[in-house]
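Note sheet for the following structure.
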Amino acid sequence: MPVEKDGNSKTPKLEHFGSSLVTLFLFLILFHFFVAPAFRTRTNEVLYSQFLKEVKDGKVGRALVGQDQIQYILKSDLPKTQTTQADSSPPPKAYVTRPIAGDADLPKLLAEKNVEFGAPPPDNSGVFTTLLGWIVPPLIFLGIWGWMLNRAQAGAGTALTVGKSKARIYSEGNTGVTFADVAGIDEAEEELQEIVEFLKNSDKYTRVGAKIPKGVLLVGAPGTGKTLLAKAVAGEAGVPFFSISGSEFIELFVGVGAARVRDMFEQAKKQAPCIVFIDELDALGKSRGGAGNLIGGNDEREQTLNQLLTEMDGFEANTGVIILAATNRPEVLDPALRRPGRFDRQVVVDRPDKLGREAILKVHIESVKLAADVDLGTVAARTPGFAGADLANLVNEAALLAARQNREAVTMADFNEAIERVIAGLEKKSRVLNEVEKKTVAYHEAGHAIVGALMPGAGKVQKISIVPRGVGALGYTLQLPEEDRFLMAEDEIRGRITTLLAGRSAEEIVLGKVSTGASDDIQKATDLAERTITLYGMSKKLGPIALEKVQQQFLDGFSNPRRSVSPKVTEEIDGEVKQLLDGSHRIALNILESNRTLLEDMTQQLLQKEILEGEQLRRYLEQVRSPQALAVWLNTGELSDVLIRESCDRAN
Ligand code: ADP
Ligand code: ZN
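Numbering (numbering that gives the first Met the number 0), first residue to last: 0 to 651.
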């Protein structure tokens with residue numbers, strides 16, 4: 000567990016100050032309301048009429064008549080002799096009443112009835128109350144202030160202590176992580192081996208006058224193991240590991256972040272040799288002059304960044320402090336961060352390939368009991384695009400499934416179910432579809448499967464299901480590539496778009512009307528079609544022109560802004576995108592019409608069983624017929640109306 004280190008111990012002990020104030024304040028309140036009144040009124044209150052009656056009956060012995068209160072003692076309660084004043088007999092019981100304003104006859108009546116009477120002594124408790132009135136409000140204010148300050152100190156926000164900052168550096172001491180815990184990213188590992196070497200025996204390098212890089216930037220998609228790698232470097236070298244996230248530097252007040260950077264370097268230098276790991280460097284080092292965010296603003300970020308640059312320039316290359324920083328958005332980083340002497344090395348941490356995934360799985364199954372049928376190679380093959388963190392999660396999901404069913408070991412079926420969970424989300428048995436919806440979903444998915452089976456480079460259709468899963472998926476068709484792919488050819492893109500639109504096409508053909516269920520498919524198809532034209536330059540009409548500004552290469556689902564183009568070109572782009580989508584749609588319809596009987600058979604099976612997979616699915620898909628127009632479409636992007644009509648005629 001990370002140990003949180005206090006930034007410095009010279010800050011005043013506000014906890015004590017604050018809490019003693021609160022205690023005093025509480026005591027005063029209690030005193031005011033409970034104890035003090037008890038001193039003032041030990042007496043029983045009675046109605047004025049009763050008092051008058053008792054006076055008239057001659058029962059009252061002594062009375063102190065005040066403006067708004069009369070205290071009196073009954074004759075029967077008066078001490079018998081005047082001389083026993085000093086003895087220990089209890090004080091006589093006094094009664095209190097509130098006079099009716101301006102009862103001028105009362106003194107006369109009292110004198111008549113032989114009551115000893117006079118005015119009460121001046122009220123001392125009034126002084127006390129007044130004093131309280133002056134002291135308590137400021138105390139309340141001070142107390143609340145102290146409490147807030149206290150909380151600010153204890154929590155993450157040090158915003159109130161501007162100046163002497165408390166950089167929250169997590170020193171994790173020795174991480175205990177080694178390169179053995181990292182797998183599948185061998186190139187990155189090798190690059191960092193040198194850093195370990197230096198930390199271990201720096202003389203070797205300094206003797207020949209070599210300078211070791213001060214900063215290394217780890218670049219890669221989320222979950223590929225950047226943090227893990229940094230920890231492993233520290234672990235292998237046996238040096239302390241400090242970690243802080245770029246977003247933690249940025250505070251509401253300008254100057255706080257810069258102070259934290261200063262503090263951090265001070266601490267790190269004291270513990271050298273060591274590794275300082277800055278996660279999410281992009282939060283801190285975004286290119287200056289870009290659009291700012293609201294909180295923290297540009298000023299704060301710029302100052303913090305400047306401080307970081309200054310500090311990195313300030314310390315000698317061979318002090319033994321090495322800064323590793325991670326980001327998945329290297330393109331937004333300020334160019335100044337990449338200059339020599341700063342983060343001049345960049346190590347790309349890639350998503351693992353099939354062998355890499357197998358190796359990562361091996362690391363993570365170490366504490367898991369596997370059944371004999373588990374083949375990690377197959378699992379790796381079925382998980383293209385998974386990063387290390389996804390695979391770690393996958394192993395855990397599989398183990399949880401086994402544990403839930405009280406099994407001793409994790410089976411291949413658990414892994415398959417876990418893969419589906421990660422890809423498509425949890426099964427939602429509670430989401431019950433009505434008959435019409437179920438039919439729509441079944442035709443839709445069968446359509447995807449039939450068209451998908453014909454497309455080049457798309458891999459095998461593994462499973463069709465109409466059991467709802469995850470957020471919004473009412474059914475799904477699982478199609479997994481047989482190998483990792485790094486390029487996509489033109490025909491494969493067309494095939495992919497066609498497959499995406501096939502679900503909707505099946506609904507159209509069979510049911511004659513469409514549903515909202517295809518919105519996600521349409522979204523994806525349109526995205527891909529647009530990218531084909533603007534990013535991959537695959538339009539014959541527009542040619543290889545970049546029409547998008549690439550800003551993201553490591554985050555999925557991030558769309559780039561268009562380059563500034565003339566309205567005419569924009570129109571042409573739209574035309575090309577539409578043509579691609581229209582063509583895909585027509586060819587999908589064509590394929591499904593050519594396989595109408597098969598579509599019907601598969602849908603009925605699906606409605607009965609909810610899931611189609613394995614041998615049965617394979618036999619169905621073997622029967623899929625490929626219309627002649629498809630080959631032309633895939634190869635040239637042209638639609639042959641003649642061929643389409645022909646295949647339709649044959650089908651009818
Ligand atoms: P990043 O910092 O790149 O977002 P992390 O290093 O935080 O990713 O990875 C999260 C977790 O995923 C790690 O703690 C580890 O369990 C697992 N993991 C990621 N990459 C790998 C890898 N290459 N080898 C083994 N485990 C990995
Ligand atoms: Zn669909």
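Cβ coordinates follow ideal geometry from the N, Cα and C atoms, glycine included.
Reduced DSSP category for residue i - H, G, I as helix; E, B as strand; rest coil
i      : result
GLU143 : According to the sequence as given, residue 143 is Ile; it is not Glu. DSSP places ILE143 in helix when its eight states are reduced to three.
ILE496 : helix
GLN345 : strand
THR377 : helix
GLU407 : coil
THR569 : helix
ILE643 : helix
LEU217 : strand
ALA445 : helix
ILE321 : strand
GLY17  : Here the model assigns GLY17 a pLDDT of 47, short of 50, so the residue's position is not dependable and the matter cannot be decided.
LEU597 : helix
THR326 : strand
GLU482 : coil
GLU426 : strand
LYS540 : coil
LEU369 : strand
THR10  : Below a pLDDT of 50, predicted positions are generally treated as unreliable, and THR10, at 34, falls in that range; no measurement from the model is reported.
Those residues which DSSP pairs with residue i across a bridge
i      : result
ASN43  : TYR94
ASP278 : SER244
LYS512 : According to DSSP, which records beta bridges pairwise, LYS512 is partnered with nothing at all.
GLY208 : DSSP output for GLY208 lists no bridge partner at all.
GLY117 : LEU63
ARG561 : GLU547
SER464 : TYR475 and ILE610
ILE72  : ARG61 and ALA93
LYS459 : LEU479
LEU332 : LYS285
Best match in the options for proximity to residue i [C-alpha to C-alpha]
i      : options                           : result
GLY117 : GLN70, THR177 and TYR475          : GLN70
ASP352 : ARG484, ILE194, ALA524 and GLN478 : ARG484
GLU193 : ILE184, ASP180 and ILE211         : ILE211
ARG341 : VAL367, ALA324 and VAL232         : ALA324
ARG337 : MET537, GLU299, ALA388 and LYS285 : LYS285
VAL232 : ALA187, ASP581, GLN270 and LYS268 : ALA187
THR309 : ILE99, VAL362, ASN395 and LYS213  : LYS213
GLY219 : PRO98, ARG468, GLY387 and ALA370  : GLY387
HIS443 : ASN327, VAL238, GLU507 and ALA401 : GLU507
LEU339 : LEU216, ILE249 and ILE243         : Here the sequence assigns Pro to residue 339, which means Leu is not the residue at that position. It is LEU216.
PRO334 : ALA501, LEU280 and ASP298         : LEU280
THR326 : THR223, ASP374 and ALA517         : THR223
HIS584 : TYR535, VAL431, LEU597 and ILE496 : ILE496
GLN615 : SER625, GLN604 and ARG624         : GLN604
ASP102 : PRO560, LEU131 and GLN68          : GLN68
ARG97  : GLY536, LEU63 and ALA371          : LEU63
LEU332 : ASP349, ARG356, LEU360 and GLU301 : GLU301
LYS427 : MET454, ILE463 and LEU473         : LEU473
ASP490 : GLN66, GLY636 and LEU105          : GLY636
LYS55  : PRO221, ALA517, ASN113 and VAL320 : ASN113
Ligand 2 heavy atom lying under 7 Å from the CB of residue i
i      : result
HIS443 : yes
Near ligand 3: residue i beta-carbon under 7 Å from a heavy atom
i      : result
PRO272 : With respect to small molecules bound, the structure shown includes ligand 1 and ligand 2 and not ligand 3.
Short CB-CB distance (under 8 Å) between residue i and chain D
i      : result
LEU510 : Of the protein chains in this structure there is only one, and it is not chain D.
Contact shell at 5 Å, judged by CB to any heavy atom of ligand 1, ordered along the chain: Any heavy atom of ligand 1 within less than 5 Å of a residue's beta carbon puts that residue on the list, which reads VAL181, ALA182, GLY183, ILE184, PRO221, GLY222, THR223, GLY224, LYS225, THR226, LEU227, ILE359, VAL362, GLY387, ALA388 and ALA391.
Exercise answer, beta-carbon shell around ligand 2 heavy atoms below 5 Å: Output, sorted by chain position: GLY502 and ASP520.
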